[in-house]
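Numbering (the UniProt record's numbering), first residue to last: 1 to 333.
One structure is given below, encoded as structure tokens.
Here you go:
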């Protein structure tokens with residue numbers, strides 16, 4: 001009986017070893033067939049996991065630093081200038097920023113939801129900036145409105161936002177309009193606060209190249225691109241999400257300096273450096289249009305610093321392993 005048991009155990013171990021060898025062979029074969037882009041993604045995901053504890057520690061340190069700064073201000077009798085304090089002392093701008101939502105039928109539901117998050121971010125940033133603009137959502141309807149009704153009914157209570165079912169050129173004078181599109185040969189140098197600058201509300205993964213530029217030409221309105229190339233060198237394509245363009249415009253209104261506005265807003269993953277310092281560019285994936293939307297950014301509600309840290313922690317825990325750079329939202333500017 002003991003002999004039979006030993007033989008059975010040996011057979012099981014042999015089978016298990018064979019299965020492991022087959023699995024390793026399959027993995028090796030799969031690794032060998034990975035493309036260059038897939039290997040880069042795999043490497044990025046591994047690095048992301050390896051640095052998880054380091055990011056967690058940095059968040060704790062930032063949280064502690066903010067706490068110490070608040071205590072120091074309180075002891076010195078300095079009035080804390082939190083976000084709500086800034087909003088009360090804001091000086092509204094007459095400049096209009098318009099998100100053109102007329103591309104609804106060109107997007108799948110997943111991308112409409114991404115656009116919704118970008119619009120949420122625009123709203124939050126406009127509420128907390130020192131110079132809030134006149135914010136318009138035009139051609140508002142279809143899938144986008146349905147998503148907003150289902151996911152965030154609070155949009156009905158948003159302040160200082162104009163929701164218009166009509167197209168922007170039907171409610172504003174054509175001579176006041178400037179469509180921001182990266183395909184325009186015109187480079188924007190200054191902002192005219194009497195104008196209405198239009199941002200194409202489209203998340204299309206680069207499937208509809210030139211669509212916003214063509215739309216501006218068809219309507220016979222002015223168009224321009226942000227002066228990104230004059231101030232910034234990036235190791236990824238110069239494609240920005242809707243909320244990034246919106247935030248850059250807000251930052252310029254405050255700082256009156258394009259370079260400072262760009263580096264205040266641009267995500268670090270784009271490896272942006274000032275023009276003339278190209279040798280400092282990090283290793284990036286030039287093959288991909290890696291402009292992610294605000295899925296991985298902080299939530300848009302007006303939260304305390306502590307809530308922001310908690311949100312970042314949750315986002316990292318649920319961050320997709322192999323999807324670091326497959327979100328390529330084409331904007332508009």
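Glycine is no exception: its CB is placed at the ideal position from the N, C-alpha and C atoms.
Spatial distance of residue i from residue j (CA atoms)
i           : j           : result
residue 133 : residue 95  : 6 Å
residue 90  : residue 191 : 19 Å
residue 335 : residue 205 : The first residue shown for the chain is 1 and the last is 333, placing residue 335 beyond what the model contains.
residue 106 : residue 93  : 32 Å
residue 60  : residue 151 : 31 Å
residue 153 : residue 166 : 21 Å
residue 127 : residue 45  : 35 Å
residue 186 : residue 177 : 14 Å
residue 160 : residue 202 : 22 Å
residue 156 : residue 136 : 14 Å
residue 228 : residue 264 : 13 Å
residue 200 : residue 51  : 36 Å
residue 66  : residue 73  : 11 Å
residue 230 : residue 249 : 16 Å
residue 189 : residue 130 : 21 Å
residue 123 : residue 33  : 45 Å
residue 113 : residue 102 : 15 Å
residue 142 : residue 62  : 42 Å
residue 55  : residue 254 : 30 Å
residue 259 : residue 232 : 7 Å
residue 41  : residue 49  : 12 Å
Reduced DSSP category for residue i - H, G, I as helix; E, B as strand; rest coil
i           : result
residue 202 : coil
residue 257 : coil
residue 395 : The structure shown does not extend to residue 395, since the chain spans only 1 to 333, so no value can be given for it.
residue 298 : Any reading at residue 298 needs caution, since the residue's pLDDT is 35, under 50, leaving its predicted position unreliable; the model's value is listed next. If DSSP states are grouped into helix, strand and coil, residue 298 belongs with coil.
residue 120 : helix
residue 218 : helix
residue 74  : helix
residue 133 : coil
residue 87  : Residue placement at residue 87 is poorly supported in this model, since its pLDDT is 47, which falls under 50; the coordinates are not used for a value here.
residue 100 : strand
residue 244 : helix
residue 249 : helix
residue 34  : coil
residue 112 : helix
residue 106 : helix
Bridge-paired residues (DSSP) for residue i
i           : result
residue 183 : Note: residue 183 sits in no beta bridge, so no partner.
residue 42  : DSSP lists no partner for residue 42.
residue 54  : Residue 54 pairs with nothing; no bridge assigned.
residue 348 : Here the chain has residues from 1 to 333 only, and residue 348 is not among them.
residue 225 : 187
heavy atom of the ligand NAP below 7 Å from residue i C-beta
i           : result
residue 194 : For the structure depicted, the ligand NAP is absent and the ligand set is empty, with no information on it obtainable.
*Hey, which unbroken runs of the alpha helix (DSSP H) at 4 residues or more fall wholly within the region 136-174?*
142-151, 168-171
*Stretch pair the region 193-211 + the region 97-116: three plus CB contacts closer than 8 Å*: yes
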